[in-house]
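Student:
2 protein chains.
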Amino acid sequence: MRRATRCFRFLTVLACAVVVQAAPAPTSSATLIVSGGTVVTMDAAKRVLSPGAVAIRGTDIVAVGPPAEIRKGSPNATVIDATGSVVIPGLINTHTHAPMVMYRGLADDIALMDWLQKYIFPAEAKTVAPAFVRTGTRLAALEMIRSGTTTYADMYYFEEEIARVTRDAGLRGVLGQSVIQFPAPDAKTPAEALARAERFISAFKGDPLITPAVAPHSMYLLDKGDLLACRDLAIKYGVPVLIHVAETETEVKTSQERYQATPVGYLDSIGFWAPVTVAAHGVWVTDADIAVLQRHKVGVSHNPESNMKLASGTAPVVKYLASGVPVGLGTDGAASNNDLDLFEAMRQAAFLHKLATRDPRAVPASTALEMATIGGARVLGMDKQIGSLEPGKRADLVIVGMRQARQTPLYDAVSHLVYTTRGDDVDTVIVNGKVLMRDKRVLTMNETAVLTEARRMSSSVRDAVAGAVKQ
Amino acid sequence: MRRATRCFRFLTVLACAVVVQAAPAPTSSATLIVSGGTVVTMDAAKRVLSPGAVAIRGTDIVAVGPPAEIRKGSPNATVIDATGSVVIPGLINTHTHAPMVMYRGLADDIALMDWLQKYIFPAEAKTVAPAFVRTGTRLAALEMIRSGTTTYADMYYFEEEIARVTRDAGLRGVLGQSVIQFPAPDAKTPAEALARAERFISAFKGDPLITPAVAPHSMYLLDKGDLLACRDLAIKYGVPVLIHVAETETEVKTSQERYQATPVGYLDSIGFWAPVTVAAHGVWVTDADIAVLQRHKVGVSHNPESNMKLASGTAPVVKYLASGVPVGLGTDGAASNNDLDLFEAMRQAAFLHKLATRDPRAVPASTALEMATIGGARVLGMDKQIGSLEPGKRADLVIVGMRQARQTPLYDAVSHLVYTTRGDDVDTVIVNGKVLMRDKRVLTMNETAVLTEARRMSSSVRDAVAGAVKQ
Chain A
1 MRRATRCFRF LTVLACAVVV QAAPAPTSSA TLIVSGGTVV TMDAAKRVLS PGAVAIRGTD
61 IVAVGPPAEI RKGSPNATVI DATGSVVIPG LINTHTHAPM VMYRGLADDI ALMDWLQKYI
121 FPAEAKTVAP AFVRTGTRLA ALEMIRSGTT TYADMYYFEE EIARVTRDAG LRGVLGQSVI
181 QFPAPDAKTP AEALARAERF ISAFKGDPLI TPAVAPHSMY LLDKGDLLAC RDLAIKYGVP
241 VLIHVAETET EVKTSQERYQ ATPVGYLDSI GFWAPVTVAA HGVWVTDADI AVLQRHKVGV
301 SHNPESNMKL ASGTAPVVKY LASGVPVGLG TDGAASNNDL DLFEAMRQAA FLHKLATRDP
361 RAVPASTALE MATIGGARVL GMDKQIGSLE PGKRADLVIV GMRQARQTPL YDAVSHLVYT
421 TRGDDVDTVI VNGKVLMRDK RVLTMNETAV LTEARRMSSS VRDAVAGAVK Q
Chain B
1 MRRATRCFRF LTVLACAVVV QAAPAPTSSA TLIVSGGTVV TMDAAKRVLS PGAVAIRGTD
61 IVAVGPPAEI RKGSPNATVI DATGSVVIPG LINTHTHAPM VMYRGLADDI ALMDWLQKYI
121 FPAEAKTVAP AFVRTGTRLA ALEMIRSGTT TYADMYYFEE EIARVTRDAG LRGVLGQSVI
181 QFPAPDAKTP AEALARAERF ISAFKGDPLI TPAVAPHSMY LLDKGDLLAC RDLAIKYGVP
241 VLIHVAETET EVKTSQERYQ ATPVGYLDSI GFWAPVTVAA HGVWVTDADI AVLQRHKVGV
301 SHNPESNMKL ASGTAPVVKY LASGVPVGLG TDGAASNNDL DLFEAMRQAA FLHKLATRDP
361 RAVPASTALE MATIGGARVL GMDKQIGSLE PGKRADLVIV GMRQARQTPL YDAVSHLVYT
421 TRGDDVDTVI VNGKVLMRDK RVLTMNETAV LTEARRMSSS VRDAVAGAVK Q
């Protein structure tokens with residue numbers, strides 16, 4: 001009898017230990033719980049809990065587990081019911097130019113040089129100014145919140161304006177002040193742009209939502225000295241470098257003519273890589289280039305829609321993944337895509353690489369979702385903070401509706417997320433523990449005012465390109 | 001004075017004559033007018049009226065013109081206000097298998113033979129029956145209405161069930177009873193299937209919404225005798241033939257081995273072509289094949305999403321168009337796509353052929369929209385009845401919202417329709433003069449009942465493939 005009691009006690013202790021491990025102590029003090037529905041964690045084990053719950057305290061996720069267990073620990077927490085929906089980590093857009101939403105649909109279906117020289121450059125020269133950048137970024141932020149993007153990487157001008165709007169909207173941003181050879185709207189020379197970048201980085205370093213960065217445009221629009229100055233600035237402040245790399249075949253030609261090297265080869269030869277470097281596009285690379293990127297832990301931002309619409313080419317994503325190069329997804333600016341919806345980018349990535357490799361197994365839905373979440377976080381050097389639903393990470397998550405006819409029936413949530421879901425299915429968005437959109441109502445922005453202001457300002461864009469004749 | 005009066009009378013008569021020409025007499029008796037917004041007619045002149053109006057009497061469009069003029073003529077007509085929206089001809093899906101929505105997302109990202117043999121064939125063998133086909137078609141019809149499709153071409157089993165559901169939903173269908181070599185759920189032999197097809201055609205011939213058709217599966221799953229029997233049946237009743245042609249490289253190989261000819265070459269050699277033949281896919285064709293299709297006025301249904309997702313290949317759409325082969329868009333069945341949204345197909349067609357030809361000017365937005373409307377009508381041999389907004393044609397039209405952040409600002413309605421619009425933006429759908437959906441409320445179906453029934457029935461599909469192991 002005595003022996004039996006002892007044994008019983010021992011088992012109780014063991015059982016408690018198991019419970020503690022499954023739902024750790026901090027759960028008891030969660031302030032917000034997203035409960036019910038299918039929770040797609042994107043953690044290392046790719047756990048899917050159906051139903052599941054995510055407990056949040058302040059800015060952080062404190063527990064992920066079965067709803068009953070999670071809710072028992074924090075009886076006073078606010079509960080958002082996600083029954084019938086799918087809960088995913090916030091999507092991460094690794095490459096865009098947010099204010100360019102103001103140019104979406106301005107000129108499509110024309111040759112790249114006509115597009116740039118007759119439309120985009122004239123429009124930018126005449127319209128890009130702080131107020132324009134603020135209006136455009138507000139519109140972009142609204143679109144990103146609506147479509148479930150919680151973090152985005154940006155390369156543009158007046159990046160401090162973009163940072164303030166992004167912070168006010170409640171989004172997370174890795175925002176790169178552009179440095180470019182020719183006179184830009186916010187800096188006449190690369191030196192001036194570098195000084196701007198340094199002031200910007202100093203002002204926002206340490207911000208809970210904004211990671212400031214420096215964005216040298218490309219190896220073909222900057223010389224060696226300026227490229228290395230960008231790298232040095234990034235190292236000095238411990239911030240990322242964002243750069244366009246090997247987007248078009250023309251870039252490779254230019255690089256070969258000037259330096260007898262591929263774009264990646266040239267950047268490698270000058271020792272360009274910073275601890276966190278994001279290479280946007282990476283379409284035209286050799287196997288040797290892929291090895292270089294892998295060796296230097298350079299992340300690639302894959303932009304399938306932009307690369308298709310501008311006829312740039314097909315990035316070797318399957319090779320990148322097989323080689324261990326971190327790959328995230330990007331939309332590119334809305335002037336070339338024409339939206340900021342990462343659900344479209346996921347579907348497109350899955351479709352494109354099946355076609356390119358002639359293998360329907362290439363880039364399955366789970367890989368597309370991975371690139372849009374934890375893969376993107378790796379590319380930005382933020383995989384310890386975001387990209388999956390795990391205790392200790394920031395509370396960036398999205399509740400996606402699964403009620404539409406096109407999502408019926410439902411056999412596999414991950415398949416539906418990639419193949420039949422749109423950004424518009426997103427109901428609720430939480431970033432850094434704060435609810436930015438609840439049941440499709442955006443809480444951090446006045447949607448009507450944002451749309452009205454963008455429409456008003458679009459007349460200046462129309463005027464700027466008046467007279468351009470579509471080829 | 002007299003002279004002046006005469007002159008005045010003369011001018012009045014002239015003015016009346018002009019008015020009559022601009023807004024013909026039938027306008028005065030329009031019963032329904034869609035007024036305001038941007039009307040994209042897709043007529044031969046590709047007229048875009050902004051604002052415009054479309055007058056409908058009974059099943060037909062009776063006038064298209066400026067809102068004030070159109071409304072003046074019919075003061076008692078019901079008016080649907082489309083201000084701020086875009087009005088387009090109803091979209092035409094030239095290739096699908098409607099009930100296969102029941103298998104969407106059941107198995108993705110696997111090799112074609114595994115997909116067919118481990119999932120689709122076992123699921124079809126165990127589940128396809130009249131009730132299943134009705135449930136699936138209702139779900140498909142709901143999804144099509146919601147995303148602005150007004151006419152669809154179908155190839156499946158128990159096509160009479162599909163026809164009845166389609167007619168009840170108010171959609172227009174070109175519905176082909178399948179004829180296939182192996183035992184099918186509704187016919188043990190091709191002869192039995194042909195007898196079914198004849199009964200089906202007799203029953204629905206002359207229906208205002210349903211165009212019955214015969215659908216021989218393909219040149220590799222039917223022999224010469226059965227292929228020609230299908231053609232003869234089509235000619236006897238004056239109905240279209242729907243067939244899969246040159247979808248995969250394997251099909252070409254099979255054709256070469258059996259007949260020392262391409263699939264198109266073989267079909268041509270046996271004199272297969274009917275007055276209206278719809279060739280679905282047409283991916284693997286030679287220049288000689290394209291000339292054959294052009295000569296016999298065979299229309300091609302281009303299914304970019306299916307061809308990408310299943311890694312089938314890229315149809316030479318730019319060549320088809322240059323050669324004068326009619327090209328429409330299709331989604332294919334939702335088991336391989338995974339939705340029935342033609343807005344996605346339009347965007348995909350524009351993206352894919354820019355990439356394939358390395359020319360960003362290829363398949364501009366206007367061409368993508370053309371393929372989804374009047375091009376599709378030409379493929380189905382129905383361009384006298386549908387595909388554009390013109391007096392004398394059936395009143396099949398769709399009002400598309402342009403209010404979303406991703407559609408802001410708006411410089412070019414056709415660009416936005418293709419590059420930033422989703423099926424979900426469709427607000428109102430009219431087919432044959434009847435309003436099927438008004439402000440996103442479906443009027444011809446009980447949406448909740450349709451979704452509930454599809455979910456209920458999906459368990460039988462799940463059971464049917466239980467045990468299949470994903471490769």
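Protein chains in written order, with the numbering used here: chain A, 1 to 471; chain B, 1 to 471. Each residue gets a CB set at the ideal place from its N, CA and C atoms; glycine is no exception. Just so you know, these numbers come straight off a predicted model, no measurement behind them.
(1) Tell me whether R462(B) is buried or exposed, calling it buried when 16 or more other Cβ atoms sit within 10 Å of its Cβ.
(2) For V48(B), which residues in the same chain have their Cβ closer than 8 Å to its Cβ, ignoring the five residues on either side in sequence?
(3) Can the beta-carbon of R347(B) be found less than 8 Å from the beta-carbon of V398(B)?
(4) For L221(A), which residues from the same chain have a beta carbon less than 8 Å from its beta carbon, with the 5 sequence-adjacent residues on both sides left out?
(5) Suppose contacts are defined by Cβ-Cβ distances below 8 Å. Is D427(A) in contact with D439(A) by that definition?
(6) CA-CA distance, D332(A) and H95(A)?
(7) Would you report the Cα separation of Y411(A) and G105(B), rounded to the nearest angstrom?
(8) Figure out for me which residue from V54(B), M102(B) and S178(B) has the closest Cα to the Cα of T127(B).
(9) Take P316(A) as the anchor and find which of G328(A), G324(A) and W284(A) has the nearest alpha-carbon.
(10) Can you tell me which of the three DSSP states L443(A) falls into?
(11) Between which two residues does the alpha helix (DSSP H) harbouring H416(B) extend?
(12) What's the C-alpha gap between A311(B) and T314(A)?
(13) Using 8 Å for Cβ pairs, my map puts L389(B) next to V79(B). What's the rounded Cβ distance?
(14) Could you tell me how far apart the beta carbons of P75(B) and P51(B) are, in whole angstroms, since I believe they sit closer than 8 Å?
(15) I want to know whether the stretch 275-282 of chain B touches the stretch 291-302 of chain B - three or more CB-CB distances under 8 Å.
(16) In chain A, which residues lie with their C-beta within 8 Å of the C-beta of I110(B)?
(17) Going by the beta-carbon positions, is the gap between A234(A) and V245(A) smaller than 8 Å?
(18) Output, in sequence order along the chain, the residues in the stretch 438-471 of chain A whose CB is closer than 7 Å to any CB in chain B.
(19) Of all the residues that make up the stretch 240-270 of chain A, which are near chain B by a beta-carbon distance shorter than 8 Å?
(20) State yes or no: is the beta carbon of D154(B) nearer than 8 Å to at least one beta carbon in chain A?
(21) Do I386(A) and I162(A) have their C-beta atoms within less than 8 Å of each other?
(22) Contact defined as beta carbons within less than 8 Å: I believe D109(B) pairs with A365(A). What is the distance between those atoms, to the nearest angstrom?
(23) Give the straight-line distance between the Cα atoms of I145(B) and E143(A), rounded to the nearest whole angstrom.
(24) Confirm, please, whether the CB-CB distance from I61(A) to G392(A) is below 8 Å.
(25) Look up H353(B) in the DSSP assignment and say whether it is helix, strand or coil.
(26) Using a C-beta to C-beta distance shorter than 7 Å, which residues of chain B count as neighbours of H281(A)?
(27) Mind pulling the beta strand (DSSP E) runs of 3 or more residues that sit fully within the stretch 284-366 of chain B?
(28) My parser needs the alpha helix (DSSP H) runs of 4 or more residues fully inside the stretch 209-271 of chain A; what are they?
(29) Counting only beta-carbon atoms, is T408(A) nearer than 8 Å to chain B?
(30) Straight-line CA distance for S401(A) to T420(A)?
(31) Give, in chain order, every residue of the stretch 418-432 of chain B whose Cβ lies closer than 9 Å to some Cβ of chain A.
(32) For P130(A), report the span of its beta strand (DSSP E) as first-last.
(33) Could you pull the DSSP bridge partners for A63(A) from this structure?
(34) Once the 5 residues before and after F158(A) are set aside, which same chain residues still bring their CB inside 6 Å of it?
(35) Going by C-alpha distance, which of M382(A), T452(A) and E251(A) is nearest Y152(A)?
(36) Under 8 Å, CB to CB, which of the residues in the stretch 217-235 of chain A have a partner in chain B?
Tutor: With the given structure in hand:
(1) Taking the second sequence and counting its residues from 1, the one referred to as residue 462(B) is at position 462. It is exposed - the Cβ of R462(B) has fewer than 16 other Cβ atoms within 10 Å.
(2) As a working mapping, residue 48(B) is identified with position 48 in the second sequence. The residues are T38, V39, V40, T41, A413 and V414.
(3) As a first step, residue 347(B) must be located in the second sequence, where it is residue number 347. As a first step, residue 398(B) must be located in the second sequence, where it is residue number 398. Their beta carbons are not under 8 Å apart, which means R347(B) does not touch V398(B) by this criterion.
(4) In the first sequence, the residue the question calls residue 221(A) occupies position 221. So the qualifying residues of the chain are I180, Q181 and F182.
(5) Here residue 427(A) is taken as the residue at index 427 of the first sequence, counted from 1. Here residue 439(A) is taken as the residue at index 439 of the first sequence, counted from 1. Against a cut-off of 8 Å, the Cβ pair of D439(A) and D427(A) comes out as a contact.
(6) Position 332 of the first sequence, counted from the start, is the residue given in the question as residue 332(A). Position 95 of the first sequence, counted from the start, is the residue given in the question as residue 95(A). In a straight line, the C-alpha of D332(A) is about 5 Å away from that of H95(A).
(7) Here the question's residue 411(A) lines up with position 411 in the first sequence. Here the question's residue 105(B) lines up with position 105 in the second sequence. Near 6 Å, if we compare the C-alpha coordinates of G105(B) and Y411(A).
(8) Position 127 of the second sequence, counted from the start, is the residue given in the question as residue 127(B). Among V54(B), M102(B) and S178(B), the Cα nearest to that of T127(B) belongs to M102(B).
(9) By 1-based counting over the first sequence, the position of residue 316(A) is 316. Among G328(A), G324(A) and W284(A), the Cα nearest to that of P316(A) is on W284(A).
(10) What you label residue 443(A) is simply residue 443 of the first sequence in a count that begins at 1. L443(A): coil per DSSP, three-state reduction.
(11) Residue numbering aside, residue 416(B) sits at position 416 when the second sequence is read from its first letter. It spans A413 to Y419 - the alpha helix (DSSP H) in which H416(B) sits, taken as one unbroken run.
(12) Locating residue 311(B) in the second sequence gives position 311, counting from the first residue. Locating residue 314(A) in the first sequence gives position 314, counting from the first residue. When rounded, the distance between both Cα atoms is 15 Å.
(13) Residue mapping note: residue 389(B) aligns to position 389 of the second sequence, counting from 1. Residue mapping note: residue 79(B) aligns to position 79 of the second sequence, counting from 1. Not confirmed; about 16 Å, so no contact.
(14) Sequence index remark: in the second sequence, residue 75(B) carries index 75 (1-based). Sequence index remark: in the second sequence, residue 51(B) carries index 51 (1-based). So it is not a contact: roughly 18 Å between Cβ atoms.
(15) yes
(16) On the second sequence, residue 110(B) is found 110 positions in, with the first residue counted as 1. The answer, in chain order, is P360 and R361.
(17) Locating residue 234(A) in the first sequence gives position 234, where the first residue counts as 1. Locating residue 245(A) in the first sequence gives position 245, where the first residue counts as 1. Not in contact: A234(A) and V245(A) (Cβ atoms no closer than 8 Å).
(18) L451, A454, R455, S458 and R462
(19) none
(20) Residue mapping note: residue 154(B) aligns to position 154 of the second sequence, counting from 1. No - not a single Cβ of chain A is within 8 Å of the one on D154(B).
(21) Indexing the first sequence from 1 puts residue 386(A) at position 386. Indexing the first sequence from 1 puts residue 162(A) at position 162. Going by C-beta atoms, I386(A) is not nearer than 8 Å to I162(A).
(22) Within the second sequence, residue 109(B) is the residue found at index 109, counting from 1. Within the first sequence, residue 365(A) is the residue found at index 365, counting from 1. That belief holds up - the Cβ atoms of D109(B) and A365(A) are roughly 6 Å apart, short of 8 Å.
(23) Counting from 1 along the second sequence, the entry for residue 145(B) is found at position 145. Counting from 1 along the first sequence, the entry for residue 143(A) is found at position 143. If you take the alpha carbons of I145(B) and E143(A), they lie about 26 Å apart.
(24) Taking the first residue of the first sequence as position 1, residue 392(A) is located at position 392. Taking the first residue of the first sequence as position 1, residue 61(A) is located at position 61. Contact: yes.
(25) Working through the second sequence from its first residue, we reach residue 353(B) at position 353. If DSSP states are grouped into helix, strand and coil, H353(B) belongs with the helices.
(26) Counting from 1 along the first sequence, the entry for residue 281(A) is found at position 281. Ordered by position in chain B, no residue passes the 7 Å Cβ test against H281(A), which lies about 14 Å from the chain.
(27) 299-302 and 327-329
(28) 224-237, 249-259 and 263-269
(29) Within the first sequence, numbered from 1, the residue matching residue 408(A) stands at position 408. Interface residue, yes.
(30) Here residue 401(A) is taken as the residue at index 401 of the first sequence, counted from 1. Here residue 420(A) is taken as the residue at index 420 of the first sequence, counted from 1. Here residue 401(A) is Gly; the residue named in the question, Ser, does not match the sequence. So the alpha carbons of these two residues sit roughly 11 Å apart.
(31) V418, Y419, T420, R422, G423, D424 and D425
(32) As a first step, residue 130(A) must be located in the first sequence, where it is residue number 130. Run containing P130(A): none in the beta strand (DSSP E); it sits in the alpha helix (DSSP H), P130 to R146.
(33) As a working note, residue 63(A) is residue 63 in the first sequence. The partner list for A63(A) (beta bridge, DSSP) reads A55(A).
(34) For the purposes of this step, residue 158(A) is taken as the residue at position 158 of the first sequence. Counting only Cβ-Cβ distances below 6 Å, and skipping sequence neighbours, we find P130, V133 and D186.
(35) On the first sequence, residue 152(A) is found 152 positions in, with the first residue counted as 1. Of the listed residues, the one whose Cα sits closest to Y152(A) is M382(A).
(36) none
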